[in-house]
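Asks:
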Amino acid sequence: MADLKLILGNKNYSSWSLRPWIAMRHAGIEFDEEVVQLDFDGDGPFNAHLKDYSPAGRVPVLFHGDTPIWESLAILEYVAELNPEKELWPADRLVRAQARTAANEMHASFGALRSELPMNVRREPSKVDYSPSARKDIDRVQEIWNDARAAHGDGGPFLFGSFSIADAMYAPVVSRLAVYDIALDGAATVYMETMLALPAYQEWKAAAVAEPWVIEAEER
Ligand SMILES: N[C@@H](CCC(=O)N[C@@H](CS)C(=O)NCC(=O)O)C(=O)O
Numbered sequence: 094m095a096d097l098k099l100i101l102g103n104k105n106y107s108s109w110s111l112r113p114w115i116a117m118r119h120a121g122i123e124f125d126e127e128v129v130q131l132d133f134d135g136d137g138p139f140n141a142h143l144k145d146y147s148p149a150g151r152v153p154v155l156f157h158g159d160t161p162i163w164e165s166l167a168i169l170e171y172v173a174e175l176n177p178e179k180e181l182w183p184a185d186r187l188v189r190a191q192a193r194t195a196a197n198e199m200h201a202s203f204g205a206l207r208s209e210l211p212m213n214v215r216r217e218p219s220k221v222d223y224s225p226s227a228r229k230d231i232d233r234v235q236e237i238w239n240d241a242r243a244a245h246g247d248g249g250p251f252l253f254g255s256f257s258i259a260d261a262m263y264a265p266v267v268s269r270l271a272v273y274d275i276a277l278d279g280a281a282t283v284y285m286e287t288m289l290a291l292p293a294y295q296e297w298k299a300a301a302v303a304e305p306w307v308i309e310a311e312e313r
């Protein structure tokens, strides 16, 4: 039994849960996991018992022994510190700062994209309408990806060369753009293909497909 345990929401819908999970699985970090079913109360996903798992009443939460660490980015920072040999942040300080900037921008932004195009991993790809604000978010994400790939493409197929926490943070956006059939330009398209083909993403998707729960309000 691993002494790390990740508490997750429904794999089909819980975009914040995917972030630490994909980084830890891709890096080969051992952990136990438990999926807590999110429901829907009219305003957003909820589960009356989430407080039993998470001090913030939200998922994901990582338990190291009895100690909870919540907020996806804080979890990712913690597992990077615990496993420095996995190089979940780029080794070069300036590149690391850029990767952190991209990861933080994801954590703090893109509200229209997130609310109008909810993550729905198992959805059959098809187009939907979305607002100019969501389009602006998509354009900015595309710019971040294309700029990172142009600067760091020689080092590997991910945003900053090797897989980093920045890739984990954008994994749910890759999934959204794929299932709502939103085409991007340039290197961003190739980057999406790389992320969608990752064994860790495929494993998450298979689990999402197998889940029995449907949250109607998250289906578009
Ligand atoms: N800022 C948090 C967001 C976590 C979050 O909103 N999680 C959603 C599921 S993806 C949740 O737990 N929702 C339950 C609720 O709001 O009641 C993070 O980065 O971990």
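The sequence shown begins at 94 in the working numbering and counts up by one. Glycine included, C-beta positions come from ideal geometry on N, C-alpha and C. Since the structure is predicted, the reported quantities are computational estimates derived from the model, not experimental observations.
Taking 7 Å as the threshold (C-beta atoms), are K144 and V214 in contact?
Replies: No, these two residues do not count as a Cβ contact at 7 Å.
Asks: Can you tell me the Cα-Cα spacing of Q130 and A280, whole angstroms?
Replies: If I take the Cα positions, the gap works out to 36 Å.
Asks: By a C-beta neighbour count over all protein chains shown, 10 Å radius and 16 as the cutoff for buried, is V307 buried or exposed?
Replies: Exposed is the call here.
Asks: With distance defined between alpha-carbon atoms, name the residue in P225, H245 and G246 nearest to F203.
Replies: For F203, the nearest C-alpha among the options comes from P225.
Asks: Identify which residue in E180, G121, I122 and N140 has its Cα closest to the Cα of V128.
Replies: Here the closest residue by C-alpha is N140.
Asks: So, with DSSP's three-state summary, where would you put I122?
Replies: The answer is coil: DSSP assigns I122 none of H, G, I, E or B.
Asks: Is W182 helix, strand or coil when you go by DSSP?
Replies: W182 falls in the coil class under three-state DSSP.
Asks: Mark L166 as exposed unless 16 or more other C-beta atoms lie within 10 angstroms of its C-beta, in which case mark it buried.
Replies: So L166 counts as buried.
Asks: How is I258 classed by DSSP in three states: helix, strand or coil?
Replies: Here I258 sits in helix by DSSP.
Asks: Going by DSSP, name the residue or residues bridged to I162.
Replies: According to DSSP, I162 bridges with L155.
Asks: Mapping DSSP to helix, strand and coil, what is L99?
Replies: Strand.
Asks: So L99 and P148 are supposed to be a Cβ contact under 8 Å. How far apart are they, rounded?
Replies: 15 Å between Cβ atoms; not a contact.
Asks: Alpha carbon to alpha carbon, how far is S107 from E304? Give it in angstroms, no decimals.
Replies: Using only the alpha carbons, I get a separation of about 12 Å.
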